[in-house]
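The block underneath contains the structure these notes are about, expressed in structure tokens.
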Amino acid sequence: MSEKIGAFLKKNIVTIVFTLLCVFSIINSGQSATFILQELIARVSRNAVLILSLLMPVLCGMGLNFSIVLGAAAGQIGLILITHWNLGGLEGVLICVGIASALSVIFGLFAGGIFNRTAGQEMITGMIIGYFAKGIFDLGFLKLFGKIIPMENPTLILTGGVGLKNTIDFNSGIKYVFDKILQVPLLDAVLWCMLAMLLLSVASVLLSVFWKKQQLQEVLKKNSRILVATGLLIALYLAMLFIPPLLKVSIVVKVPLFTAALIAFVCLINAYISKTKLGQDIRTCGQDMQVAAAAGIKVARTRIIATVISTIFASWGQIIYLQNMGLVNTYTSHEQVGMYAVAALLVGGASIKKATISQVFLGALLFHVLFFTMPLAGLKLFSDAQIGEYFRVFISYGVIAASLALYVWNQSANRKKSLQRISGVK
Amino acid sequence: MLEGKRFLGMGLSQIIIIIFLLLLLVGASTLGMDISTLLSDSLVRIGMNAIFVLAMLPTIQSGVGLNFGLPIGIIFGLLAGLITVENRMTGFSGFMTAVLLAVLFSVIAGYLYGALLNRMRGSEMMVGNYLNFSVISLMCIGWMVLPFTNGKITWAMGSGVRSTITLEENYEKILDSLWSIRIGGITIPTGTLLLVVVLCILMWLFTRSKFGIMLMSSGGNPMFGRSIGIDNDRVRLVGTMLSTVLGAVGILVYAQSFGFYQLYTSPIMMAYPAISAILIGGATTKRVSIFNVVIGVTLYQSILTIALPVASEMLSDSSLSEILRTIVSNGIILYALTKLDGGRVK
């Protein structure tokens, strides 16, 4: 038993340490539950897709894709263009998504091509690609717009007539375009989710029992996960209804349900792709490139496709992120996207070789709670917000360093163990 | 970087860069820019950065690869430097005290860093890089809480040390101005360049010593190294420690020439120019010589100090140089990474 606990601790050490840090930080931030929950929902919903975009390359054995910076920049370019054309609303955003996806394909091909020449060092390469691309984008934003791409728009262009401004405010048609479509109190959101899940589970049980003529017990066993989730949601809803402080919070806090639906949609695409032939190929490449090549899979092509998918998702993620922010820092918004997404995913318990959708959400939750409570806690504990600010930067870098180091360390320990087993030497 | 025919020990890419530089100088003179200032600037910058580039040599030779964790050494050099400023040490003795302290700190730091990297075979670059980021950001908190009291280095209000600390009253340009001479309008920072030359010669002698040969044969082929009885881990440890020490001494030399200690996040990117420089000099992640170091730092820093002002002058825009620096520096690293052994997927 104690061995099991030890193994569990060892496996989830990063997540556990982070949970403790989060609890400590929330208690010391001195903020109300309403504020923390509202911030948390806003942050998780705007970051989730960016983190989701990391999953495909991990599955493909390429590690954590730091080059999603390119996708983020593509999303940003799309948003800047529709701001310039003064488009708004859903059709404007659709055009933006189209432009961003097209650009992402090009950027993804570029990054994937380079990854295919640097197998084994994709992560450091991805990071350098990010830095390199930042230089190119800066050059483009500063020199192309207004000079080569004609753009006469005093709200976007610097006074000299060339180059984009540092901060660009979106018009009211783009700001919160997803978030404001279906914004409901948390209570209603939980109710709707509960009803949907209830409908889903009842339908699937009834379908299997009456149509496929399966035994009820077997069906319940097979659907146990979805049933447990439904049960938890019902319990949560009842708790919110009947415990007054929870009720108060859950009426005040708003949930952007449409954005949540978008995130669910990206999750579904991701899950769907991994079930197809392409998904199988990607998985095989991730396990062993030589075996994959021997089985007739075009490894280089598969790796490029995984990178392109990741880049496209990242561009969507950045659009969701920025519509929630309401403005874009032209030269810096995309800069740190890769690092924060990677750190969040690792906090959720993912490794270089394995990452799941649930780790995405757990990681987003823990990382972003810490991210906004830390400076507040720092202010209260040291009467200096700057220390908390530095600490959260340290945390983001440190978690990446620690997870990487732990992973490599365990791997070499395992290799040693299996060598000993083969040779019979202790 | 390019294999094939060599001229005076230089590959094709180096020769192209030299021709490019000469063309740039011609261009600069037709634009009416002061050539001697450009050359003086590049000499100063070569002296400032050479030791960082030299620091890449031992890690590549011992098989660790490019040392992305160079700022770990730098941060301990800064700590040593700050201690001397705190105690109002000036002149040559102050600088030497800083160097000795820096060596002391960085030997310990380098030992720990090297021991960690020994368990990170194959991922040294990534782990080194993120360890660097973590250490620098942790030291940001360190700079805020360390008990420095000298008013020259602490903020007038609040806690912590200043983000830039001037060395004007301590040892600014102590090496640069040592035996400094002017030839036809070009100022030569003799002391700094001499120190660089001495360090290069010492390094060269080291690689010719018994341990140096062990280092290179183990780094070049660890299996071969082990089969002839070399302790690879020890060799890698020594290589990493040497690199860290050179990083720590390098920042002191850099700062005396620059005139300031820059703290907080400014050292975080300092490994990249050094890496680009050594790669431009013809080194790979596996093979390197002193010659690569010298030619690399000379070419890289000359490009930055000559090409960027010329480009700004031609396009009449000064905001470009930082962007161009990013593109050039990272483009070179990217190019070198694509040349890694066994990295090709078909």
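Chains as they are written, first to last, in this note's numbering: chain A, 1320 to 1745; chain B, 417 to 762. For each residue, glycine too, the CB sits at the ideal point set by N, CA and C. All values derive from a computational prediction rather than experimental measurement.
Residues that residue i contacts on chain B, provided the C-beta gap is smaller than 7 Å
i              : result
residue 1454/A : 739, 742, 743, 746
residue 1710/A : 557
residue 1716/A : 546, 549, 550, 553
residue 1451/A : 743, 746, 747, 750
residue 1447/A : 746, 749, 750, 753
residue 1608/A : 761
Residue i (DSSP reduced to helix, strand or coil)
i              : result
residue 1713/A : helix
residue 431/B  : helix
residue 1488/A : strand
residue 1476/A : strand
residue 1385/A : coil
residue 1673/A : coil
residue 756/B  : coil
residue 563/B  : coil
residue 677/B  : strand
residue 598/B  : strand
residue 1745/A : Its pLDDT being 49, under 50, residue 1745/A is placed unreliably by the model, and the measurement read from it follows with that caveat. Reduced to three states, the DSSP call for residue 1745/A is coil.
residue 1336/A : helix
residue 570/B  : strand
residue 1734/A : helix
residue 721/B  : helix
residue 1455/A : helix
residue 1640/A : helix
residue 418/B  : With a pLDDT of 42 at residue 418/B, under the threshold of 50, the modelled position of this residue cannot be trusted; read the value that follows with caution. Note: residue 418/B maps to coil in three-state DSSP.
residue 537/B  : coil
residue 1405/A : coil
C-beta contact flag for residue i and residue j at 8 Å
i              : j              : result
residue 579/B  : residue 1727/A : no
residue 1373/A : residue 1674/A : yes
residue 577/B  : residue 564/B  : yes
residue 569/B  : residue 552/B  : no
residue 482/B  : residue 616/B  : no
residue 1513/A : residue 1556/A : yes
residue 1682/A : residue 1380/A : no
residue 1679/A : residue 1576/A : no
residue 583/B  : residue 675/B  : yes
residue 511/B  : residue 678/B  : no
residue 1711/A : residue 1685/A : no
residue 1362/A : residue 1691/A : yes
residue 442/B  : residue 592/B  : no
residue 1634/A : residue 1391/A : yes
residue 683/B  : residue 494/B  : yes
residue 1724/A : residue 536/B  : yes
Interface residues of chain A facing residue i [CB-CB closer than 8 Å]
i             : result
residue 532/B : 1724
residue 494/B : The contacting residues do not exist; residue 494/B stays about 16 Å from chain A at best.
Rounded distance between the beta-carbons of residue j and residue i, thought under 8 Å
i              : j              : result
residue 670/B  : residue 692/B  : Contact flag wrong, Cβ pair sits at about 16 Å.
residue 1398/A : residue 1641/A : 6 Å
residue 1697/A : residue 1388/A : Between residue 1388/A and residue 1697/A the Cβ distance is about 28 Å, and since that is not below 8 Å, they are no contact.
residue 548/B  : residue 484/B  : 6 Å
residue 1427/A : residue 1627/A : 3 Å
residue 721/B  : residue 457/B  : 5 Å
residue 514/B  : residue 496/B  : 5 Å
residue 1649/A : residue 1472/A : Contact flag wrong, Cβ pair sits at about 13 Å.
residue 1569/A : residue 1506/A : 4 Å
residue 634/B  : residue 648/B  : 5 Å
Residues bridged to residue i (per DSSP)
i              : result
residue 1648/A : 1486/A
residue 1574/A : 1503/A
residue 608/B  : Residue 608/B is not bridged to any residue.
residue 577/B  : 570/B
residue 1464/A : 1468/A
residue 582/B  : 676/B
residue 603/B  : 598/B
Under 7 Å by beta carbon: chain A residues contacting residue i
i             : result
residue 539/B : 1723, 1727
residue 542/B : 1442, 1443, 1723
residue 735/B : 1461
residue 536/B : 1724, 1727
Contacts of residue i in chain B (Cβ-Cβ under 9 Å)
i              : result
residue 1436/A : 753, 754, 755, 756, 759, 760, 761
residue 1470/A : Chain B residues near residue 1470/A: none, gap ~18 Å exceeds 9 Å.
Neighbour list for residue i in chain A, Cβ cutoff strictly below 9 Å
i             : result
residue 679/B : Here the premise fails: no neighbours, minimum Cβ distance about 12 Å.
Interface residues of chain B facing residue i [CB-CB closer than 8 Å]
i              : result
residue 1622/A : 761
residue 1713/A : 550, 553, 554, 556, 557
request  = Could you run through the segment 452-466 of chain B and flag, in chain order, every residue whose CB is less than 8 Å away from some CB of chain D?
outcome  = Going by chain labels, chain D is absent from the structure shown, which instead holds the protein chains A and B.
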